[in-house]
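Mapped onto the UniProt record's numbering, the consecutive letters of the sequence shown carry residue numbers 1 to 879. A virtual CB, placed ideally from N, CA and C, is assigned to each residue, including glycine. None of these values were measured; they are calculated from a predicted model.
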Amino acid sequence: MIADVDQLPEGSTWFRCALQVNPFTYVQRYGKANTPTLDEETYNNSLVDALLENSISVIGITDHWCIDSGSTLRSLASEAGITVFPGFEATAKDGVHLLVLFDPAANAANINRIIGECGIPADCRDARPGKLDTQEMLAAAESWNAVVIGAHVTSGGGLLVKLTGQSAIQAWTDPRLHAAALGGGTLKQAHSEIINNRSAAYKRDHPIAILRAADINSPDDLRKSGSTCWIKLSSPTVTGLDLAFRTPKTRVRTDDPQVTAHSRFIGMDWTGGFLDGVRVRFNESLNVLIGGRGSGKSTIIESLRYVLGIPPLAKTSKNEHDAMIKNVLGSGTKIQLHVQLRTPAVDNFLVERIVGSPPVVRDSLGTILSSKPSDLLDHADVFGQRELAELARDSELLTELLARYLPKGLDADGETARTRADLERSRTDILRCREGMAILEREISQIPILDERLARFDAAGVGDKLEAQDKAQHEEQLLKRAVDSLGPIDWQGWQVETTYLGDMEATDLPRRPLLQQAQQVLDRYNNAVVAAAQAVESARVQARAELSEVQENWTSETEPIRKELNKVLRQLQPDGVDGSEYLKLRRQLSRLKPKKGKYDQAKEELTDLKAKREELLIQAEEHRAARLRALKSEAKKVGKRLPGTVRATVNDGGDRSALTTLIDNRVRGRLDLVRNAIHTDSLLSPRSLATTIRGGTAGILTRFLGTVTPAQANTLAKADEETLMLIEEVELPISTDIELNVGTKESPAWRGLDHLSTGQKATALLLLLMHRGDGPLIIDQPEDDLDNRFIYDDIVPRIREAKDNRQLLFSTHNANIPVLGDADQIISLITEDGDSGIAGRVVEDGLGSIDHPSVRAMVEELLEGGREAFNTRRYLYGF
C-alpha cells in the first residue's frame with residue numbers, strides 16, 4: 001500500500017556507527033588477535049558478520065597512517081551493504097591522536113597523498129608524529145574534505161591527556177574540532193566538566209559531539225558499550241557526518257535512540273488538482289516545506305487537514321481552508337495519506353478522500369474500515385497561516401485547544417452529550433405533561449358546573465323519571481370502554497437480541513459452549529414470548545367477538561327503554577323541561593369523571609419527570625466540574641513543561657452573556673439591572689438562577705439584594721417554565737488565559753495575550769502546542785507572526801527538543817526553522833507551467849536533510865535569497 005511513497009528519500013535517519021575499526025594488519029601488528037592462527041579472510045568475514053548482526057551500518061577504517069591495509073575489509077563490508085568511511089589514525093606533531101575520515105567514494109591514492117603531506121613516508125605503519133600539530137591538522141582537513149575526530153580524548157594519546165594548559169585549551173576550543181571520542185574507564189571530574197562544556201577555561205561556543213568510537217579489534221569489541229554510537233544522517237557522506245558533528249544535540253547519540261510510540265505520516269500523494277501526480281515522503285521528526293509563494297506549501301497543509309477531517313478552530317482559517325479546497329484542489333481531486341501507528345503494534349493505514357466526499361480509511365491490505373481518521377490520529381493538530389494569532393484573540397477557542405489534550409478516558413463514551421440530550425428531552429416531556437394537565441384541568445373544571453345544573457333537574461324530579469335511560473346510557477359508555485381496552489399489543493419489544501452470542505467474534509473464545517447455552521436460554525425465552533403473543537392475540541380476538549355479542553344483547557334488552565324515552569320526553573315538555581339536555585349533561589359528567597384519575601396520574605408523572613430532570617441537572621454539573629478540573633490540571637502542566645516561559649490559567653463561567661441573551665429574548669420588559677446582577681455574581685450558576693426566579697419577586701430580591709429593583713424583579717419573575725428550563729440547560733463557557741514571560745526567569749514579567757504583540761501571542765501558542773500531545777503537529781508558516789529573535793531564542797530550541805517525541809511539519813520562508821531547527825526532511829516545491837496550467841511540483845532531487853547538496857542549494861536559494869545575497873548580508877554585517 002505504501003510502496004510508492006516508501007521509495008522516496010526519507011531525509012535524515014539514525015545509523016549505528018563504529019568509527020574506529022582496525023584492519024587485520026593492525027590487529028596482527030599490535031598483537032590484538034584473539035588467536036595466533038587468525039588469518040585476514042577469517043577476521044574480515046567474522047567482523048562483517050558481527051557488524052550486520054549488531055545492525056551497524058556505518059564504519060570508519062582507521063589504521064595508523066595507513067589506508068591500504070583496510071582495502072580488503074572495505075570492499076567486503078561495502079558488498080554487504082555497510083557504508084565505509086576510509087581513513088587513518090593520525091598522530092599530530094604534539095602527540096595527539098586523531099581519526100581522519102574521508103567520503104565513502106574517496107580514492108585511496110588521494111588519501112595516501114594526504115598522508116605524505118603530513119610528513120609520513122609510504123612504508124610507515126606505526127603511530128609516529130607527523131609534521132602538523134593538532135590545530136594544523138584541523139585546518140588541513142578542511143581542504144582535504146575530511147572530518148577529524150579526537151581519538152580516545154581522555155586516555156592514552158588523547159587530546160585532554162597529551163596536551164595541558166593553553167595548548168590543550170586552544171586545541172579543544174578550536175572551532176574546527178567538531179567531534180571527540182571518549183577513552184575507556186571512568187571519567188575524571190576535570191574531564192567530565194570539559195566534556196559537558198561546563199569548564200570556564202575550556203568553554204566552547206558550540207558544544208562538541210561526544211562519540212563512542214573505541215578501537216575495534218575483534219567482533220566481540222562491537223558489543224562493548226564504548227565502541228559504537230548513533231548518528232543521524234540524510235545520506236552517509238562526509239558532508240552529512242560533518243553536519244551531524246556540528247549539531248550533536250539532535251544528530252548524535254551515545255545510546256540507542258529508541259523509536260518512540262508516536263504516530264506519524266509516512267507520505268502523501270494527489271490525483272488531480274494543483275498537485276496532480278505529486279508524491280511526498282515525510283520523516284518521523286521535523287519536516288519543512290520550502291518554496292516560492294504559490295508553489296503548494298499551503299495546499300499540502302490544507303490537504304492534510306482536509307483528508308483527516310480536522311476542521312479549523314478559527315473562523316477566518318475555516319473560510320480560507322474552504323476556499324483552498326474548492327479553488328485549488330477542486331472537485332474530483334483525490335488525496336491519499338499514508339499513516340503509521342506504533343501502538344499497540346506497528347501498523348499502516350491509508351486515509352483517502354475525494355474532494356466533496358467524506359474520508360475513507362483502509363487497512364494495510366486495502367480493506368475499507370468503519371474507523372474515521374480521528375480514530376487513528378485523535379491528537380493530530382493542523383493550523384493554517386496566521387491561525388495561531390486568531391486563536392490567541394479568543395479565550396474560549398484557547399480552552400477548546402487546551403481540551404484537545406485532556407485524557408482520552410474523560411467522557412470517552414459521550415456521557416456528557418447524552419446527559420445534555422436527555423435534558424432537552426426532559427424539557428419536552430415536562431412541557432408535554434404540563435400541557436396535558438392543563439387540558440385535563442380545564443375539562444374537569446366543568447364537573448362542578450355540570451353537577452349544579454343536574455341538581456336543578458333532580459329537584460324537578462327529572463332524574464327519577466329518566467333514571468332507567470340514564471343507567472342505560474351509563475352502561476353503553478362502560479361497554480364501549482371495555483371494547484376500546486382490547487386494542488392491539490406490540491410484542492416486539494418483549495423479545496431480546498441473541499445473535500451476538502453466535503457471531504464470528506465469539507467462535508474463538510475459550511468458553512464457547514457456555515455462550516451457546518446462554519443463547520439457547522434466550523432463544524427459549526423468545527419462543528415463549530412468541531407463544532404468549534399468539535395466545536394473547538387469540539384471546540383478544542375471542543374477547544372482542546364475545547363483547548360484540550354482549551353489546552348486541554344489551555342493545556336488544558334496552559330497546560324498550562329507548563322506546564320509553566320518547567314517551568317520557570313528551571310528558572316533560574308541558575312543564576318546560578328538556579329531558580334530552582338532562583341526558584346530555586349526564587353523558588358529559590360520565591365522560592369527565594374518569595379524567596380526574598388521569599389528572600392525578602399526570603400529576604404523579606410530572607413529579608417523576610421533575611425529579612429525573614433534577615438528577616440530570618446534577619449529572620451535567622458533575623460532568624462540567626470534572627472537565628473543569630481536568631482543564632485546570634492540564635493548565636498546570638503547561639507551566640511545568642515550560643517553566644518561566646508560558647503559563648495557562650483556566651477561568652470558569654466569566655462570560656454570562658448566554659444567560660442574559662436568553663432572558664432578553666424570552667422575557668419582555670426592562671431588565672438592565674438584572675443583566676448587571678447576573679454578570680457580577682461570580683457564584684451564580686444557570687441552575688441556581690432558575691431556582692431563584694422560581695422563588696418569585698421575593699426570591700429574586702433576596703438573591704440580588706440591593707442591585708435589582710422590585711419592578712425588574714417582578715418582570716423577571718414572569719418568566720415561564722420553558723424559559724426557566726432553558727436557563728438551566730445553558731452551559732457557561734470555560735475560558736483560558738495564556739501568559740508569556742517577557743522578562744527573564746530571574747525577574748519574570750508575565751503578560752496575558754491581550755497585552756502582547758502579535759508575534760508574542762503566536763510565540764506563546766506555538767510553545768504550548770509543541771509541548772502538548774504526541775500526535776503530528778502541522779503549522780503553515782509559523783514565522784508569519786514571529787520575528788527572528790523569537791524564532792532563534794524561543795522557537796528553534798523547542799523545535800529541536802520536541803521533534804524527538806512527535807512528528808512536526810512546518811511550511812516556511814524563514815531559513816532559521818529548517819537550518820537551526822535541523823530539519824530531518826526538507827521538501828522543496830516549485831511551480832511549473834504544464835499542459836493543464838500552472839501546477840505545484842517537488843523539485844527534482846528536492847527531498848532530504850540540509851546535508852543533502854541539492855537540498856542545501858534550494859535552502860540557500862529560496863530562503864536566503866541565493867549565495868550572493870547571503871554573502872552580501874554577511875559582508876554588510878561585518879562577519
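### Message
Between Ser57 and Asn283, how many whole angstroms is the CB-CB distance? I'm expecting something under 8 Å.
### Response
For this step, residue 57 is matched to residue 57 along the sequence shown. For this step, residue 283 is matched to residue 283 along the sequence shown. Not a contact, Cβ separation roughly 18 Å.
- What residue from Leu313, Arg279 and Leu440 has the CA that sits closest to Arg404's CA? As a first step, residue 404 must be located in the sequence shown, where it is residue number 404. Considering only alpha carbons, the answer is Leu313.
(request) Would you check if the distance between the CB atom of Leu99 and the CB atom of Gly87 is smaller than 8 Å? (result) Position 99 of the sequence shown, counting from 1, holds the residue named residue 99. Position 87 of the sequence shown, counting from 1, holds the residue named residue 87. Their beta carbons are under 8 Å apart, which means Leu99 touches Gly87 by this criterion.
Express the C-alpha separation of Lys584 and Ile561 in angstroms, rounding to a whole number. Position 561 of the sequence shown, counted from the first residue, corresponds to residue 561. Position 584 of the sequence shown, counted from the first residue, corresponds to residue 584. Rounded to whole angstroms, Ile561 to Lys584 spans 16 Å at the Cα level.
Among Asn54, Thr660, Ile791 and Asp39, nearest to Lys224 - alpha-carbon criterion
For the purposes of this step, residue 224 is taken as the residue at position 224 of the sequence shown. It is Asn54 whose Cα lies nearest to the Cα of Lys224.
Alpha carbon to alpha carbon, what distance is there between Leu766 and residue 880?
What the structure shows of the chain is the stretch from 1 to 879, and residue 880 is not part of that stretch, so it cannot be assessed.
- Message: Classify Ile368: buried if its beta carbon has 16 or more other beta carbons within 10 angstroms, exposed otherwise.
- Response: As a position in the sequence shown, residue 368 is number 368, starting the count at 1. Exposed is the call here.
Here's a check: name, in chain order, each residue in its chain whose Cβ is nearer than 8 Å to the Cβ of Leu450, leaving out the five neighbours to either side. By one-based count along the sequence shown, residue 450 stands at place 450. Hits under 8 Å: Leu585, Gln588, Leu589 and Leu592.
Q.
Give me the residue from Asp652, Leu716, Asn665 and Arg647 with the minimum Cα distance to Ala677.
A. For this step, residue 677 is matched to residue 677 along the sequence shown. For the residues Asp652, Leu716, Asn665 and Arg647, the minimum Cα distance to Ala677 belongs to Leu716.
Reference Thr399; option with closest CA among Val708, Thr707 and Ala648: Position 399 of the sequence shown, counted from the first residue, corresponds to residue 399. Of the candidates Val708, Thr707 and Ala648, the one whose C-alpha sits nearest the C-alpha of Thr399 is Ala648.
### Task
Starting from Thr831, follow the beta strand (DSSP E) in both directions and report where the run begins and ends.
Within the sequence shown, residue 831 is the residue found at index 831, counting from 1. Residues Gln825 to Gly834.
Run the CB neighbour count on His338, radius 10 Å, all protein chains shown included, and call it buried at 16 or more, exposed below. Your numbering for residue 338 matches position 338 in the sequence shown. His338 comes out buried.
- Out of Asp174, Glu497, Lys471 and Ile61, state which residue places its alpha-carbon closest to the alpha-carbon of Arg204. One-based indexing of the sequence shown puts residue 204 at position 204. Nearest C-alpha to Arg204: Asp174.
Integer Cβ distance of Asp845 from Ser836, believed to fall under 8 Å: In the sequence shown, residue 845 corresponds to position 845, counting from 1. In the sequence shown, residue 836 corresponds to position 836, counting from 1. Between Ser836 and Asp845 the Cβ distance is about 24 Å, and since that is not below 8 Å, they are no contact.
Taking just the CA atoms, how far does Leu689 sit from Glu728? Position 728 of the sequence shown, counted from the start, is the residue given in the question as residue 728. Position 689 of the sequence shown, counted from the start, is the residue given in the question as residue 689. Straight-line Cα distance between these residues: approximately 8 Å.
Taking the alpha carbon of Gly696 as the point to measure from, which residue in Val638, Ser682, Asn714 and His679 has its own alpha carbon closest?
As a working mapping, residue 696 is identified with position 696 in the sequence shown. Minimum Cα distance to Gly696 is reached at Asn714.
| request: Write down the C-beta distance between Pro686 and Leu631 rounded to the nearest angstrom, noting that I regard them as a contact closer than 8 Å. | output: Numbered from 1 along the sequence shown, position 686 holds the residue referred to as residue 686. Numbered from 1 along the sequence shown, position 631 holds the residue referred to as residue 631. Contact flag wrong, Cβ pair sits at about 19 Å.
With DSSP run on the structure shown, which of helix, strand or coil describes Asp784? The residue labelled residue 784 in the question sits at position 784 within the sequence shown. Correct three-state label for Asp784: helix.
Whose C-alpha, out of Pro513, Val529, Arg511 and Lys471, is nearest the C-alpha of Gly493? Within the sequence shown, numbered from 1, the residue matching residue 493 stands at position 493. Nearest option by C-alpha distance: Val529.
(Q) Buried or exposed for Leu478, going by 16 or more other Cβ atoms inside 10 Å? (A) Counting from 1 along the sequence shown, the entry for residue 478 is found at position 478. That one is exposed.
Problem set entry | Proximal residues to Leu241 (C-beta, below 6 Å), its chain only, five neighbours per side dropped | The sequence position of residue 241 within the sequence shown is 241, counting from 1. Taken in chain order, the residues that qualify are Val147.
ask   = What's the gap between the Cα of Gln473 and the Cα of Arg481?
value = In the sequence shown, counting from the first residue as 1, residue 473 sits at position 473. In the sequence shown, counting from the first residue as 1, residue 481 sits at position 481. So the two alpha carbons sit approximately 13 Å from each other.
Secondary structure of Ile120, DSSP reduced to three states
One-based indexing of the sequence shown puts residue 120 at position 120. Coil, per DSSP.
**Prompt:** How many angstroms separate the CA atom of Ala389 from the CA atom of Asp381?
**Reply:** Here the question's residue 389 lines up with position 389 in the sequence shown. Here the question's residue 381 lines up with position 381 in the sequence shown. Per the coordinates, the alpha-carbon of Ala389 lies some 15 Å from the alpha-carbon of Asp381.
> According to DSSP, which residues form a beta bridge with Asp63?
Replying inline: Looking up residue 63 in the sequence shown gives position 63. For Asp63, which the question treats as bridged, DSSP gives the partners Cys66 and Phe88.
message = Under DSSP, the beta strand (DSSP E) around residue 880 begins and ends at which residues?
response = This structure leaves residue 880 out entirely; the chain is present only between 1 and 879.
Give the C-beta separation of Arg125 and His64 to the nearest angstrom, bearing in mind that I take them to be a contact with Cβ-Cβ under 8 Å. Position 125 of the sequence shown, counted from the first residue, corresponds to residue 125. Position 64 of the sequence shown, counted from the first residue, corresponds to residue 64. Correct: roughly 7 Å between the Cβ atoms.
Selection from Gly157, Arg176 and Ile169 that minimises the alpha carbon distance to Ala140: Start at 1 with the first residue of the sequence shown, and residue 140 comes out as number 140. Of the candidates Gly157, Arg176 and Ile169, the one whose C-alpha sits nearest the C-alpha of Ala140 is Arg176.
Is it right to say His623 is buried, meaning 16 or more other beta carbons lie within 10 angstroms of its own, or is it exposed? Along the sequence shown, read from residue 1 onward, the residue named residue 623 stands at position 623. His623 should be labelled buried.
From Asp681 to Gly669, what does the alpha carbon distance come to, in whole angstroms?
Stepping through the sequence shown from its first residue, residue 681 is reached at position 681. Stepping through the sequence shown from its first residue, residue 669 is reached at position 669. C-alpha separation (whole angstroms): 21 Å.
Go through its chain and collect everything with a Cβ distance to Ser285's Cβ below 6 Å, but skip five positions before and after it. For the purposes of this step, residue 285 is taken as residue 285 along the sequence shown, with counting starting at 1. Cβ neighbours of Ser285 beyond the five flanking positions: Lys803 and Asp824.
inquiry  = Would Gly150 and Ala181 qualify as a contact pair, given that the criterion is a beta-carbon distance under 8 Å?
reply    = The residue you call residue 150 lines up with position 150 of the sequence shown. The residue you call residue 181 lines up with position 181 of the sequence shown. Yes, the pair counts as a contact, with Cβ atoms nearer than the cut-off.
Going by alpha carbons, who is nearest to Asp103 out of Glu142, Ala127 and Cys118? Indexing the sequence shown from 1 puts residue 103 at position 103. Nearest of Glu142, Ala127 and Cys118 to Asp103, Cα basis: Glu142.
Check: Quick one, which of Gly384, Val351 and Ser78 has its alpha-carbon nearest Ser370's?
Finding: As a working mapping, residue 370 is identified with position 370 in the sequence shown. It is Val351 whose Cα lies nearest to the Cα of Ser370.
Exercise for review: Can you say whether Tyr792 is buried or exposed, counting buried as having 16 or more other CB atoms within 10 angstroms of its CB?
Suggested key: Indexing the sequence shown from 1 puts residue 792 at position 792. Looking at its Cβ environment, which holds fewer than 16 other Cβ atoms inside 10 Å, Tyr792 is exposed.
### Message
Among the candidates Thr416, Glu783 and Thr707, whose CA atom is the shortest distance from the CA of Leu671?
### Response
Here residue 671 refers to the residue found at position 671 when the sequence shown is read from its first residue. That would be Thr707, whose Cα lies nearest to the Cα of Leu671.
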